[in-house]
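S.K.: Can you keep this structure in mind? I'll have questions shortly.
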Amino acid sequence: MSPTSDFDPLAYNAQPYSGGDPFADYKESELDLEGLVDLADRRLGGAVVDANDEFFAHRENLLRTEAAVFDPQAFGHKGKVMDGWETRRRRGPSAERPHPAPEDHDWALVRLALPGLLRVVNVDTAHFRGNQPTEVSVEAASVPGTPTTEELLAAEWTEIVPRTPVYGHAANTYEINSARRWTHLRLKQFPDGGIARLRVYGEPIADPKWLAAQGSFDVAALLNGGAVEDASDRFFSAPENIIAPGRSHKMNDGWENRRRRDAEHDWVRFRLTSQTQVRALEIDTAYLKGNAAGWITVLARDAHGAAPEAWTEILPRTRLQPDSEHRFVLDTPVTATHVRTDVFPDGGIARLHVFGSPTEAGFRQLQERWDRAQS
1 MSPTSDFDPL AYNAQPYSGG DPFADYKESE LDLEGLVDLA DRRLGGAVVD
51 ANDEFFAHRE NLLRTEAAVF DPQAFGHKGK VMDGWETRRR RGPSAERPHP
101 APEDHDWALV RLALPGLLRV VNVDTAHFRG NQPTEVSVEA ASVPGTPTTE
151 ELLAAEWTEI VPRTPVYGHA ANTYEINSAR RWTHLRLKQF PDGGIARLRV
201 YGEPIADPKW LAAQGSFDVA ALLNGGAVED ASDRFFSAPE NIIAPGRSHK
251 MNDGWENRRR RDAEHDWVRF RLTSQTQVRA LEIDTAYLKG NAAGWITVLA
301 RDAHGAAPEA WTEILPRTRL QPDSEHRFVL DTPVTATHVR TDVFPDGGIA
351 RLHVFGSPTE AGFRQLQERW DRAQS
């Protein structure tokens, strides 16, 4: 039973599914999650390393990128088939003590794809209406390398979400106030139950030693500490996809805006890893065949330069071909902390790669940021 006084877990249940749209009564998050990067994204390399129990539904479902689905007719030999992580019901030690103890819980260990500063954790219980956990807590650890389950269980853990009641069939979101760089999470559910998805939003912090060893690299990439600061449109798919690793695998794996019906144009603004000497650009329109951007201009600015707000054109307005890679070597390197892609009049981009290497000042910035995030 919960140690929380005056806590009625039944108040957190959703009503049984009665047909129609299963999301009609879903409890949405009260936080604005638009534009945030999921540091545990499976596509970027996140993984559920282990769990103590996954009797009804596999732990790997926690990091599936699509929303959880519900089939009311899907039953297997173990019971209802759920799209999430679900453990068996816990029991007490005897007939005289049939209930689990207050400290009894199940756990899952999650490796972040992008270690960094955490801002919001979303414990999504979609479609778990009376079988969600009573409460959850989340702990974080910073463990170098690729640790085993045993090494993770023996690590030093810090509680970032205290034990808190959770709603069934809901996005249970928690703001995090931590200045430390974390690599792994431990999700605890009390005493048992099911969770559909786990999302871990935050700001990646790349290892400066790893970046220095590479020399020149993609300074816009999420994996290397790049970020999308803003965009004119997020209608069909997120601009953060543009700096995701690998090639796009389908149309909505890149950035696509709505069709413009005015004389303006669309754009995305990126923050680079640090102050950088930019030498080359690659723009990919993979899978965008009838809806790729028509033309593109790339601009850069140096927030630490003599004119920190001034944008300089580094790629003049250039025709893009659908479903194609486009490569451009700059005549001379350009010092920049930000780049902006302007697309005319509208349309999509699958990927943008900005190749270069940090300046001496840029490497100092990376090291200072890294040092601040270690304590």
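The numbers in my numbering rise by one with no breaks, and the one at position 260 of the sequence shown is 260. Note that the Cβ used here is the ideal one computed from N, Cα and C, for glycine as well. Bear in mind the structure is a predicted one, so any value in this text is a computation, not a measurement.
Would you call Gly79 buried or exposed, if buried means 16 or more other Cβ atoms sit within 10 Å of its Cβ?
M.R.: Classification of Gly79: exposed, given that the 10 Å Cβ count is below 16.
S.K.: In the DSSP assignment, the alpha helix (DSSP H) including Arg269 goes from what residue to what residue?
M.R.: Where Arg269 is concerned, there is no enclosing alpha helix (DSSP H), although the beta strand (DSSP E) it sits in stretches over 266-284.
S.K.: Going straight from the alpha carbon of Arg329 to that of Trp85, what length do you get?
M.R.: Arg is not the amino acid found at residue 329; the sequence shown has Val there. Whole-angstrom Cα-Cα distance: 47 angstroms.
S.K.: Among Gln321, Glu360, Glu103, Asn177, which one has its Cα closest to the Cα of Val343?
M.R.: The option with the nearest alpha carbon to Val343 is Gln321.
S.K.: Quick one, are the C-beta atoms of Trp267 and Ser232 less than 7 angstroms apart?
M.R.: Yes, they are a contact pair.
S.K.: Quick check on Pro133: does DSSP put it in helix, strand or coil?
M.R.: Reduced to three states, the DSSP call for Pro133 is coil.
S.K.: Using C-beta distances below 6 angstroms, list every residue in its chain close to Gly193, excluding the 5 sequence neighbours before and after it, in chain order.
M.R.: For Gly193, where only same-chain residues beyond five positions count, the Cβ hits under 6 angstroms are Asn131, Gln132, Pro133.
S.K.: Anyone know if the C-beta pair for His338 and Arg271 falls short of 7 angstroms?
M.R.: Result yes, Cβ atoms of His338 and Arg271 sit closer than 7 angstroms.
S.K.: Under 8 angstroms by Cβ, that's how I've got Val161 and Leu152 pegged, so tell me the actual separation to the nearest angstrom.
M.R.: No, Val161 and Leu152 are not in contact; Cβ-Cβ is about 18 angstroms, not under 8 angstroms.
S.K.: Between Pro22, Ala126, Pro204, which lies nearest to Ala40 when the distance is taken from Cα to Cα?
M.R.: Per the Cα distances, Pro204.
S.K.: Rounded to whole angstroms, how far is the Cβ of Ile314 from the Cβ of Val334, which I believe are closer than 8 angstroms?
M.R.: Yes, they are in contact, since the Cβ atoms of Ile314 and Val334 sit about 5 angstroms apart, within 8 angstroms.
S.K.: For the structure I just gave you, are there three or more beta carbon pairs, one from the stretch 169-188 and one from the stretch 88-102, closer than 8 angstroms?
M.R.: No: fewer than three Cβ pairs fall under 8 angstroms.
S.K.: So what does Trp182 bridge to, in DSSP terms?
M.R.: Trp182 pairs with Gly116.
S.K.: Does DSSP put Glu103 in a helix, a strand or coil?
M.R.: DSSP places Glu103 in coil when its eight states are reduced to three.
S.K.: Ordered along the chain, which non-local residues of its own chain (more than five positions away) have a Cβ less than 6 angstroms from that of Ala14?
M.R.: Contacts found: Arg129, Gly168, His169.
S.K.: Expressed to the nearest angstrom, what Euclidean distance is found between the alpha-carbon atoms of Pro22 and Ser274?
M.R.: Taking the straight line joining both Cα atoms gives about 45 angstroms.
S.K.: Can you name the start and end residues of the alpha helix (DSSP H) that Pro358 belongs to?
M.R.: It is not in any alpha helix (DSSP H) - Pro358 instead sits in the beta strand (DSSP E) that spans 351-358.
S.K.: Closest to Pro72 by CA distance: which of Arg91, His127, Pro93 is it?
M.R.: Comparing Cα-Cα distances from Pro72 to each of Arg91, His127, Pro93, the minimum goes to His127.
S.K.: Considering Cα atoms alone, identify which of Ala108, Asp104, Phe75, Glu30 is closest to Asn61.
M.R.: Ranking Ala108, Asp104, Phe75, Glu30 by Cα distance to Asn61 puts Ala108 first.
S.K.: Whole angstroms is fine: what's the gap from Arg327's alpha carbon to Ile243's?
M.R.: Their backbone Cα atoms lie some 16 angstroms apart in a straight line.
S.K.: Can you tell me where the beta strand (DSSP E) holding Ala388 begins and where it ends?
M.R.: Residue numbering for the chain in the displayed model covers 1 to 375; residue 388 lies beyond these limits and cannot be assessed.
S.K.: Within the continuous alpha helix (DSSP H) that includes Leu153, where are the two ends?
M.R.: Note, Leu153: alpha helix (DSSP H), 149-153.
S.K.: State the Cα-Cα distance for the pair His214 and Asp346, rounded to the nearest angstrom.
M.R.: The sequence given here has Gln at residue 214, not His. Rounded to the nearest angstrom, the two C-alpha atoms are 35 angstroms apart.
S.K.: Give me whichever residues DSSP pairs with Val37 in a beta bridge.
M.R.: Paired residues: Gly202.
S.K.: Where does Gly92 land, buried or exposed, given buried means 16+ other C-beta within 10 angstroms?
M.R.: It is exposed - the Cβ of Gly92 has fewer than 16 other Cβ atoms within 10 Å.
S.K.: Indicate whether the contact test is met: 3 or more Cβ pairs, each with one atom in the stretch 234-249 and one in the stretch 302-313, closer than 8 angstroms.
M.R.: Cβ pair count under 8 angstroms is below three, so no.
S.K.: Count the C-beta pairs between the stretch 175-188 and the stretch 112-121 that are closer than 8 angstroms, then say yes if the count reaches three, no if not.
M.R.: The stretch 175-188, when compared against the stretch 112-121, does touch it at the 8 angstroms Cβ threshold.
S.K.: Return the first residue and the last residue of the alpha helix (DSSP H) that Trp210 is part of.
M.R.: It spans 208-214 - the alpha helix (DSSP H) in which Trp210 sits, taken as one unbroken run.
S.K.: Which residues share a DSSP beta bridge with Asp218?
M.R.: Answer by DSSP bridge pairing, in chain order: Phe355.
S.K.: Just checking my contact of Leu185 with Val110 at CB under 8 angstroms: how many whole Å lie between their CB atoms?
M.R.: Confirmed, about 4 angstroms.
S.K.: Quick one: what's got a C-beta closer than 6 angstroms to Ala280's C-beta in the same chain, skipping five residues either side?
M.R.: Within the same chain, Ala280 has close Cβ partners Val329, Phe355.
S.K.: How would you label Ser137, buried or exposed, when you count the other beta carbons within 10 angstroms and need 16 or more for buried?
M.R.: Answer is buried; the Cβ neighbour count reaches 16.
S.K.: Pro245 and Leu211 - do their beta-carbons sit closer together than 7 angstroms?
M.R.: No, they are not a contact pair.
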